[in-house]
Every structure is written in structure tokens, then in C-alpha cells.
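S.K.:
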Amino acid sequence: MEAYLIDGAIVLIATLFAVLALGVWIGAALMLTGVVGIVVLPALFPQFNEFPVEKVMGTAVWQAMASWTLAALPLFIWMGEILFRTRLAEDMFRGLAPWVQRLPGRLMHVNVFGCGIFAAVSGSSAATCATIGKMSLPALLSRGYHRPMAIGSLAGSGTLGLLIPPSIIMIVYGVAAEVSIVRLFIAGVIPGLMLIVLFSGYIALWSLLNPSRTPPRDPPTTLAEKLRASAGLIPVLLLILAVIGSIYGGIATATEAAVMGVVGALALSAWSGTLTRASFVDSLMGAVRLSCMINFILAGAAFLTQAMAYSRIPAAMASWVGAQGFHPYVVIAVFTALYIVLGCFIDGISMIVLTVSVALPVIQAAGFDLLWFGIFVVLVVEMAQITPPVGFNLFVLQGLTGENIFRIAAATAPFFGLMCVAVALVTVFPGLVTWLPSTMLGG
Amino acid sequence: MQGLRRALDALYLAGGVAGAIAIVAIGALVLVQVLGRQAGFHVPGADDLTAYAVAASATLPLAYTFRHAAHIRVDIVIGRFSGRSRHALELLVLAIASAVALLFAYACLDTLIDSWTFGEVAQGMLAVPIWIPQIPLVFGSALFALALVDDLVVAASGGEPSYRRAAERSAQERAAEEV
Amino acid sequence: QARRWQMATAYPDGNFHTVNIRAFLKEVEDGSGGRLAITLHSNASLLRMPEIKRGVQTGQVQMGEILLSAYGNEDPMFEVDGIPMLVTNFTQARVLAGLQRPYVQRRLERQGLTLLYMVPWPQSGFYTNVPVTSLETLRGTRFRTFNAATQRFAQLVGATPTTVQVPEVPQAFATGVVNAMVTSAATGVDVQAWDFVKHFTPVGFTRTKNAVICSTRALQQLPADLQRLIRDAGERAEQRGWELAQEQERTRQEELARRGMIVADPPPERLMRELAQIGETMTNEWLAKAGEDGRKLIEAYRAAIARV
Ligand code: NA
Ligand code: NA
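Residue numbers (our numbering), protein chains in the order written: chain A, 1 to 443; chain B, 1001 to 1179; chain C, 2001 to 2308.
1) For the candidate residues C/Q2171, C/E2254, C/L2135, C/G2082, whose alpha-carbon lies nearest to that of C/A2159?
2) For C/E2235 and C/M2049, what's the separation of their Cα atoms in angstroms?
3) Taking a cut of 8 angstroms between CB atoms, which residues from the segment 1026 to 1046 of chain B lie near chain C?
4) Are the C-beta of A/G58 and some C-beta of chain B separated by less than 8 angstroms?
5) If you measure beta-carbon to beta-carbon, which residues of the segment 1114 to 1138 of chain B are closer than 8 angstroms to chain D?
6) With distances taken between CB atoms, is the gap from C/A2149 to C/P2084 smaller than 8 angstroms?
7) So, do the segment 1053 to 1069 of chain B and the segment 1015 to 1024 of chain B have three or more beta carbon pairs nearer to each other than 8 angstroms?
8) Taking only three categories from DSSP, how would you classify B/T1111?
9) Specify which residues have a beta carbon nearer than 6 angstroms to any heavy atom of ligand 2, listing them in chain order.
10) Going by other Cβ atoms of all chains shown within 10 Å of its Cβ, with 16 needed for buried, is A/G367 buried or exposed?
11) Tell me, please, whether the CB atom of A/L162 is closer than 8 angstroms to any CB atom in chain C?
12) I'd like to check one pair, B/I1096 with B/S1057: are the Cβ atoms closer than 8 angstroms?
13) Using Cβ-Cβ distances below 9 angstroms, what residues of the segment 2029 to 2048 of chain C are close to chain A?
14) Cα separation between C/I2230 and C/L2116?
15) Please confirm whether C/R2004 has its beta-carbon closer than 8 angstroms to some beta-carbon of chain A.
16) For A/P74 and chain B, any beta-carbon pair shorter than 8 angstroms?
17) How is C/E2065 classed by DSSP in three states: helix, strand or coil?
18) Tell me, please, whether the CB atom of B/A1058 is closer than 8 angstroms to any CB atom in chain A?
19) Three-state secondary structure (DSSP) at A/I251?
20) When every heavy atom of ligand 1 is checked, does at least one fall within less than 7 angstroms of the C-beta of A/S122?
21) Looking at the C-beta of C/D2081, does it have a partner C-beta in chain A at a distance below 8 angstroms?
22) Return the Cβ separation of A/L233 and A/G95 in integer angstroms, given the expectation that the two are a contact with Cβ distance under 8 angstroms.
23) Report back the beta-carbon spacing between C/K2209 and C/V2119 to the nearest angstrom; my notes put them in contact at under 8 angstroms.
24) So which residues of chain A does C/G2234 contact, with C-beta pairs closer than 7 angstroms?
25) Kindly say whether A/L436, judged by its beta-carbon, lies nearer than 8 angstroms to any beta-carbon of chain C.
26) Less than 7 angstroms separating the Cβ of A/I164 from some heavy atom of ligand 1?
27) Is A/R183 close to chain C? Criterion is C-beta to C-beta, closer than 8 angstroms.
28) Does the beta carbon of A/L444 come closer than 8 angstroms to any beta carbon on chain C?
29) Please work out which residues of its chain come closer than 6 angstroms, Cβ to Cβ, to C/G2188, disregarding the five sequence neighbours upstream and downstream, and give them in chain order.
30) Does the beta carbon of A/A119 fall short of 7 angstroms from some heavy atom of ligand 1?
31) With a threshold of 8 angstroms between beta carbons, is A/K55 in contact with chain B?
32) Output, in chain order, the set of chain A residues within a Cβ distance shorter than 9 angstroms of B/V1154.
33) Would you check whether ligand 1 has a heavy atom nearer than 7 angstroms to the C-beta of A/S157?
34) Can you tell me whether A/G343 is buried or exposed, with buried defined as 16 or more other CB within 10 angstroms of its CB?
35) Can you give me the Cβ contacts of A/N210 inside the same chain, cut-off strictly under 7 angstroms, excluding the 5 residues immediately before and after it?
36) In the segment 386 to 400 of chain A, which residues sit with their C-beta less than 7 angstroms from some C-beta in chain B, listed in chain order?
Right, dumping it as C-alpha cells:
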């Protein structure tokens, strides 16, 4: 890699850290870093070109925001806000509680399984995290569950939205790498379930080792009481079935399913008698604030991405890996490290489009299957969602809890470690990825 | 001064309400598409309108969201300071963010003017001139810049910025939620 | 010191248009003796498809690739190659491209853009789960539409027009949100259509073109010999592109068959007759909005293909 690229990368990283540490709002901090990339870098190093900054910024923000694919995000967030204002989440937790008394970690597993199920509806990690978090966090915290663990398991499990189909990131990769999206979707299922098992296993283990940090058990109840409490699960189950059914029944596309969720949530809210003018307006304005916060960061990230694309730094990093002649496993290890570093600063979709042109030939030369690499990329993009300073699940949870992102990231670190384990497992056993699609579709 | 304060607050709230209308519009447009397909009719250009509504929902409430302390930041450093030094830091942060927001608003306006001068027309089934759906971007970003400059002026004259008051309120609400 | 240009395209690296662009850029770079370097941003990594033209106009990039017929809303003369069944083979497509070029050139020039070359897409065909024996087969289907022309076509055959964005096509097909679409065999291979659909009926339909454009001002700032070099390389890229498109039309269709799809080549005669009628209707509708220039173009085209 040429020296000016490394120097340029250092300037950008230093700028981003300095502005963020100062306490500038994240979207604005990303924009400012982009301005440095487009205006200051060419002034410092003549190898970088100059571009009209206002044109680049305007186009970047417009093309990122006027996006049909983004429509699902505010809708799912609104759905979460509506459900939060009903008693449904509370009923659901009361229904589940008696059944998980003997399971170490008890209701904490709701984060993992809730996100796992919601991931089958939503293609985005932020939407998964926001929707489940809005409902489960207050319920868990009011019951006295360990706060960092509740937050960390939610941030980690929210990333399942990307690995379990449908998935926006798989679509982006599939189009760029010309890999079948249907196959990618199927290939994500087993690694997704594997992550669920890893996450749940960790929660159980942690609870066994830290019994004092789990709230005391409820008094034992009779089977009849358990069943009566479980009736509270029915409405939520119906809602989930309706949304998943609308996708797999051919009624709605994955993006459109979000509106089925909103309609279902409104219907449940009306049925349970919590839908009032005030609760409707509250839920809507709550959705406005949370989705506007996320979109502002997305807009800043889109502009910073353009600055990175002009600088060619991500592509140069990927081509450097290719030029070293590493052993295949080393290639994967280095790519994992590279994507983890990139993932600290740019969002997942940008990571893919900025590197595939250079990364795919390297990967093919090392003897890896592009379908397999797609799942690998999704896993590392998932990791990018929870690494500071730019990690969208961290932002969502900061929005929900008010904790700062570094503390949230620290709580999420064990789950980050489990994802590293998952990457190692799919690298050593590629069949975890390729077996299901080749069994179902042949070839 | 009171009148100006009320007018500005009403303006920010209007941006938030417009964002809410945009989200409802996204839902309605997508729903009509889903139902229409079942009934065998089709709304031409509904997907483009949806995309424009997403852009509107993302930008119009920027100022409203800011005033409610819902834009997030890393307060790991600034949170350690209090009193006069904290005030100075907030002023610096507000000045930086105001500059970025002004550039952002200018970029949005410039984009709209380009679309106008190039006579650019949407490529989908609705042949709308692109500058029209770009109007919310200009309004939203301008309102955001105004809100930042507003708080910069308030803080510079010794007052408490809106987002700090809102942050305290929402911290209390959250505490109440969890109990 | 070497000048550095930026170029944007929305298509992935494996697409034959992108492969052709890379060869074109290499020729320019090698020929310039190190005086001009052009960085290609593929995959929409810098600009999305609809923003590429304005990107060239505003100086964010100096060069870009656009789908010409997408600009039909701006001026009908851009979208004449998007009229179904107007051209039914490559010879006709070449004739139309030659006649359309001056109109396109003039309009782009007014916007500060220079047309370097145009390359067509291979013919399109219907993707369905049942064999298409006549247009009756398409009646009542949920037909994927992506522009005004396909929308009108769906209406004319009595299908339900359904808007599904490119990325969601595979899933929409697999779950039945759409059950018919029209696109090229090349795109079918790109999305691996055999994973979700059975039949491919290549009918010609359209051979729309991609255009590679550059900023006139940026071009004129180059020394005259470099300008010449770019234009000459563009001409060679056009030749190469037409050959690639013809080769793709054959090999990609073979690939679909090899992967187990049933390819109806040649398509049923009845279907082609009915399609020709619809094409006639849509040509007339286009003429109604394209005015004097449109009438001249179509007359010249009809006269020319009557001769070949
Ligand atoms: Na998902
Ligand atoms: Na990150």
C-alpha cells in the first residue's frame, strides 16, 4: 500500500475520533470527516483529487435517503412503538416466565429468540434491534435483570436480522458478486441458528456463573396457572405469523411486510383497548424521532462513504491482502481483521460495495466459494454493527437507553467474541454454509 | 423575544409533524400496493412516491428530533465536565455542528438548484421533475441548521441549550419506565 | 503530472458492459503514456444509476455509463430502443442505433455531455413457470414492470403490473408476488433465474442500449491527442460491445438451458404475431408523444430495414 493512502487513512480516523470524542452529534461528525476527506486530504497530499464538496454531499444524501428499501425501517420502528404502548409485551413476558424458571438465564433468552424470530421478518439489523429492544428492555430491566447483559445480548442478537433471511445485506452482496440471492438466503439459515445457540448458550453459562446477578425465581405455580398466563402469548404469536405468512404466502415482499406489521400492531392495540388518540400520536412521534436519528447517521455515513470511495483506501487495503500470497486460512483471517477495522468506521453496505471489486478475485484465487464468502461477509458486517464508534446497533441502543455507545459496546463485547467463533467455525466447516442450499436446490 | 421563541418552537414542531405525516404516507403507499396487487390494480409510481416520502421523513424532523435530544452523540468526554468548562465545550460542539449543518443545508439547496437547471426528471412511471421531491430535503436541512444556530445563540448568551433540558426530562422518564 | 479521471457505473464487475468498459479504460490509459488515469467505480459504489448523469454534469465524475432508455421521461428520443418489438434482431438494432445517435448526441451536447459510445443489451424474453404459447398465457399474471413501457405492455396484455425492485425479484418470484417478467438471458444468469423459475421464451422484445458519456468540459481540457485517443478507443469499445452482446445473447441462453430451464427457441409463431401487433400499438403511442423528430426517425428506420 502506498504511503499517502496510509497517511490519508490516519488523518480520517483521527478526525472522526476527535470530533466524536468532543461530543459532536454522530451524523454531523461523519459529515465533517467526509468533508476532511474531500477537501483537506487533496490539500495535504496531491495524489488525492479534489471534488466539489457541496455536490458530492447533496447527491450522496439524496441517493441514500430517497430509497425505497429504507421504507421498512421507519415502519418497523413504528410497529415497535405501538406494541410498546400496549400491554402485549408485558403479557408476553408474563406468559413466558413460568416456563423458563429452570432455564439458566430465564427471560434473558427472550432477547435472543425474539430477535431470531423477528429476523425472519426484517432484513435490517437496526430495525430488529429497535423493535425487539423497545418491548423487551423495559420488561427485563423492571424485573431486575442484569442491565449490561440485557443490553449486550440485545445488541448482539439484533444482528441476526442480517443473517436470517430476508436480508438487505445479502441482496447487496448477491447483486454485486452475482451470487444467487435465493441461495444466499438459504445459506444463512444454519449459521443463523448456530449464532442463536451460541448466544443462548453463553447467556445460560453466564447465569450459572453469576447466580447473584439474576433476579430471584418467581414462586412455583400450577400448570393451570401457567397455561392461563400463556394465553398472553397468543396475540403476539398471531402477529408474527401474520407478518411471516404475508412474505412466504406471496402477499408482500420483504420490504412490504413491514406495513403488515404496523397494521397488525394497530389492530392488536385496538383490540386490547390501548389504542387512543394520545397513544397513536405518541407512538408515531416516537417513531419519527428514532428513525430520524438513525437516518441522519445513515446520511452522514453515505457522504463519508463517497469520500472513502474517492480516496480508494478500502479497495487499496483489499488489494494489499491479495498481493501478499497468503495461505487461504490466513487470507480469511486477514480479511476478517480488515473488515473489523473498516467496520468500526463505515456501515456494512458501504463496506461491501467499496471492497467487492477487489476482494472477490482475491477470494476466488484463494479457492473459496463466492456463496460461502457471502455468508462470511454477512457475519463480519454483523460484527461491524456492534463495534464503536460507528455501529448502528449501538446507536439504536443508545437511543433506547441513554447509555453511551462505548459502555454499550463493552456490554456487547462477549457477543462480538462469539461471532468471531462463528466466523472460525464456518471457515473450518464450510459445509455449515453450503450444505443446505445445495441440498435444497441442487448444484 | 417571547414571540420569536414561540414562533421558532412552532416551526420545529411543524417539521416533526410533517415527518410523522411522511411516515404515515409511507405506510399508506406500501399498503395500497399490497392490497392493490390482491385486487388486481396497480398504482403507477407508488414505489417512487414511497422513496420520496422516506427522504421527507428522514429530513423534515431533523430539528424536532434535535430539540428532543434524540440525536445521539458520544458524551464520554463532555460528560466528565461541568460548570464553566462544560459550557465552553458545549459552545465549541454547537459551533462545529452548526457549521456542518449550514454546509449540509447549502448542499441540499445546491442539489435542488442543479436538478432545476438540468431539467432532471424522475426515471420511473411518474415523470416528476426531481427538484419537487427534493424540497423537503432543503426545508428539513435548513430547519436543522436554524435549530443548531438557535441553540448556539442561546448557549452563547449564557442559557441552557434545548437538548440538555430535553435530555434531563427523558432521563427522568426512562427511570420511571423501568420502575 | 498525470490527470486522474473518475468513472461511475451501476453494474457489477462480471457484467459484459463493465468488462468492456475496463478494456476501454485500459486502452486509454496505455495509449496516454501515463498522462491520464481513469478510476472505475463499479457496482454503484459511488453513484446510483439515476445519479450518474448528473454526477458527470456536476463534475463529481468525468465519465459515466447510463441506460439510455431510462431518460425517456426527459425526452422520448432517448427511449426509442425501449419500444417492444420495434427491433427484432441485431441488424435492425444497429440500424436503429445509427439513426438514433445524432438525436441523442444533440440532446446530450445541450447538457454539457459528450457521447462516447453505445452498446446494446442482448434480446429479452419472458420468464414464467408455464410455457408461453400465446399472449393469453400472460393474461392475469402478476407481471413485473420496471418502466413506463413494460407497464403499458402489461396493461395491453391484461396482466397485473407489479412493481418489484431488482434486488427483490428472486424472492418475489419464489413466493409468488410476481409470476412473469421480461428481461434478458444475461440478467437471468446474473440473478440465477433457474433457482426460482422454469421457462424462458426469448422473443426479442427490446435491445436497449447503455451509453458511455463524459463531461464535454473535462474532455476539452485534455490535449487534442488525448481527446482523439478517447474517441477512437470509444469507437473500438462500441465495436467490441456489439460483438460481446451478440455472443452473450447466445451463451447466456445456453447457460439457462444447461442449468435446467426450458428455453423456447424459436418462440411460438402465434405469440410472435400477437407481440408484433402490440409493438405496432406501442410504436404509435410513442410517435404521438415524440413529435416531429420521432416521426422522422421511425420513417427513416422503416425505410432502412425494408432495404436490408
Ligand atoms: Na432477516
Ligand atoms: Na462498527
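C-beta: ideal position from N, C-alpha, C; glycine also.
Small disclaimer: the values here were computed from a predicted structure and weren't measured.
M.R.: This is what the structure holds:
1) Counting from 1 along the third sequence, the entry for residue 2159 of chain C is found at position 159. Measuring from the Cα of C/A2159, the nearest candidate turns out to be C/L2135.
2) Mapped onto the third sequence, residue 2235 of chain C falls at position 235. Mapped onto the third sequence, residue 2049 of chain C falls at position 49. If you take the alpha carbons of C/E2235 and C/M2049, they lie about 23 angstroms apart.
3) Within the segment 1026 to 1046 of chain B, the residues whose Cβ lies closer than 8 angstroms to some Cβ of chain C are Q1033, R1037, G1040, F1041, H1042, P1044, A1046, listed in chain order.
4) Along the first sequence, one-based indexing puts residue 58 of chain A at 58. For A/G58, the answer is yes, since a Cβ of chain B falls inside 8 angstroms of its Cβ.
5) Protein chains in the displayed structure are A, B and C, and chain D is not among them.
6) Residue numbering aside, residue 2149 of chain C sits at position 149 when the third sequence is read from its first letter. Residue numbering aside, residue 2084 of chain C sits at position 84 when the third sequence is read from its first letter. Going by C-beta atoms, C/A2149 is nearer than 8 angstroms to C/P2084.
7) yes
8) Sequence index remark: in the second sequence, residue 1111 of chain B carries index 111 (1-based). Note: B/T1111 maps to helix in three-state DSSP.
9) A/G343, A/C344, A/A384, A/T387, A/V390, A/G391
10) Here residue 367 of chain A refers to the residue found at position 367 of the first sequence. A/G367 comes out exposed.
11) Taking the first residue of the first sequence as 1, we reach residue 162 of chain A at position 162. A/L162 does not count as touching chain C.
12) Indexing the second sequence from 1 puts residue 1057 of chain B at position 57. Indexing the second sequence from 1 puts residue 1096 of chain B at position 96. No.
13) T2039, L2040, H2041, S2042, N2043, A2044, S2045, L2046, L2047, R2048
14) Along the third sequence, read from residue 1 onward, the residue named residue 2230 of chain C stands at position 230. Along the third sequence, read from residue 1 onward, the residue named residue 2116 of chain C stands at position 116. Cα-Cα distance, rounded: 8 angstroms.
15) Here residue 2004 of chain C corresponds to residue number 4 of the third sequence, with the count starting at 1. Yes, its Cβ sits closer than 8 angstroms to a Cβ of chain A.
16) As a first step, residue 74 of chain A is located in the first sequence; it is residue number 74 there, counting from the start. Answer yes: the Cβ-Cβ gap between A/P74 and chain B drops below 8 angstroms somewhere.
17) Along the third sequence, read from residue 1 onward, the residue named residue 2065 of chain C stands at position 65. If DSSP states are grouped into helix, strand and coil, C/E2065 belongs with the strands.
18) For the purposes of this step, residue 1058 of chain B is taken as residue 58 along the second sequence, with counting starting at 1. It does; some Cβ of chain A falls within 8 angstroms.
19) Reading the first sequence from its first residue, position 251 is the one you call residue 251 of chain A. A/I251: coil per DSSP, three-state reduction.
20) Numbered from its first residue, the first sequence carries residue 122 of chain A at position 122. Answer for A/S122: yes, Cβ within range of ligand 1.
21) By one-based count along the third sequence, residue 2081 of chain C stands at place 81. No - not a single Cβ of chain A is within 8 angstroms of the one on C/D2081.
22) Reading the first sequence from its first residue, position 233 is the one you call residue 233 of chain A. Reading the first sequence from its first residue, position 95 is the one you call residue 95 of chain A. A/L233 to A/G95, Cβ: 4 angstroms. Contact.
23) Numbered from its first residue, the third sequence carries residue 2209 of chain C at position 209. Numbered from its first residue, the third sequence carries residue 2119 of chain C at position 119. With a contact defined as Cβ atoms closer than 8 angstroms, C/K2209 and C/V2119 qualify at about 6 angstroms.
24) Your numbering for residue 2234 of chain C matches position 234 in the third sequence. Near C/G2234 there are no residues of chain A at all, since even the closest Cβ is about 22 angstroms away, more than 7 angstroms.
25) Residue mapping note: residue 436 of chain A aligns to position 436 of the first sequence, counting from 1. Not one chain C Cβ lies under 8 angstroms of A/L436.
26) As a first step, residue 164 of chain A is located in the first sequence; it is residue number 164 there, counting from the start. In terms of side-chain proximity, the C-beta atom of A/I164 is found nearer than 7 angstroms to a non-hydrogen atom of ligand 1.
27) On the first sequence, residue 183 of chain A is found 183 positions in, with the first residue counted as 1. Yes, because at least one Cβ of chain C sits closer than 8 angstroms to the Cβ of A/R183.
28) With chain A running from 1 to 443 in the structure shown, residue 444 of chain A is simply not present.
29) Counting from one through the third sequence, the residue named residue 2188 of chain C turns up at place 188. Result list for C/G2188: L2256, in chain order.
30) If you number the first sequence from 1, residue 119 of chain A lands on position 119. Yes, the Cβ of A/A119 comes within 7 angstroms of a heavy atom of ligand 1.
31) Along the first sequence, one-based indexing puts residue 55 of chain A at 55. By this cut-off, A/K55 is an interface position.
32) Mapped onto the second sequence, residue 1154 of chain B falls at position 154. Within chain A, no residue comes near B/V1154; the closest Cβ sits about 17 angstroms away, beyond 9 angstroms.
33) Residue mapping note: residue 157 of chain A aligns to position 157 of the first sequence, counting from 1. No; taking the cut-off as 7 angstroms, the Cβ of A/S157 has no heavy atom of ligand 1 nearer than that.
34) In the first sequence, residue 343 of chain A corresponds to position 343, counting from 1. Under this definition A/G343 is a buried residue.
35) The residue labelled residue 210 of chain A in the question sits at position 210 within the first sequence. Closer than 7 angstroms at the Cβ level, and outside the excluded window around A/N210, lies no residue.
36) P389, F395, Q398, G399
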